[in-house]
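**Q** In full-length UniProt numbering, the protein residues as written are 1 to 107. We put the CB at the ideal spot given by N, CA and C, even for glycine. My structure is below; once you've seen it, I'll send some questions.
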Amino acid sequence: MTTAENAPAEHVIDEWIASGDVAKLEQLVLDGRGHLLKEKTAVNAASKEFLRGLTVYQSKIDAIHKAVEEGDVRRVKSLIDRQQLALARDTYGNDDIINNASKMHIL
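Right under this line is the structure:
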């Protein structure tokens, strides 16, 4: 899967930001498409807060993927504090964490 496949149009993302649809914005990040939000700004308070924390959220997902690659089960378990994070794809839209972990026999 490439990040361009099934990615929402920019105007759709802008609508989500304007309406404060944080669930859809979060799903975009979990699908490995957080880069589509990098230069976005918001007036909506919920969207503004989500975008403000985007770098930290993406860094956490990247850290989980790295821990999986390294086979560090303890770190993976400590970083996954929300069920959605177990399904997060990397920044290239590759396999989610659970699939990668099971392929490597660490979860």
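Mind checking whether residue 17 and residue 47 have CB atoms under 8 Å apart?
**A** Going by C-beta atoms, residue 17 is nearer than 8 Å to residue 47.
**Q** Excluding the 5 residues flanking residue 25 on each side, which residues of the same chain have their C-beta closer than 6 Å to its C-beta?
**A** Hits under 6 Å: 16, 50.
**Q** Please classify residue 82: does DSSP put it in a helix, a strand, or coil?
**A** Of the three classes helix, strand and coil, the one that applies to residue 82 here is coil, per DSSP.
**Q** Between the stretch 79-91 and the stretch 50-62, are three or more C-beta pairs nearer than 8 Å?
**A** A contact exists between the stretch 79-91 and the stretch 50-62.
**Q** What would DSSP say about residue 33, mapped onto helix, strand or coil?
**A** If DSSP states are grouped into helix, strand and coil, residue 33 belongs with coil.
**Q** For residue 21, which option in 78, 45, 85, 55 has the closest C-alpha, if you only look at C-alpha atoms?
**A** If we check each option's Cα against that of residue 21, 45 comes out closest.
**Q** Nearest-angstrom Cα distance between residue 73 and residue 66?
**A** Between residue 73 and residue 66, the C-alpha separation is close to 11 Å.
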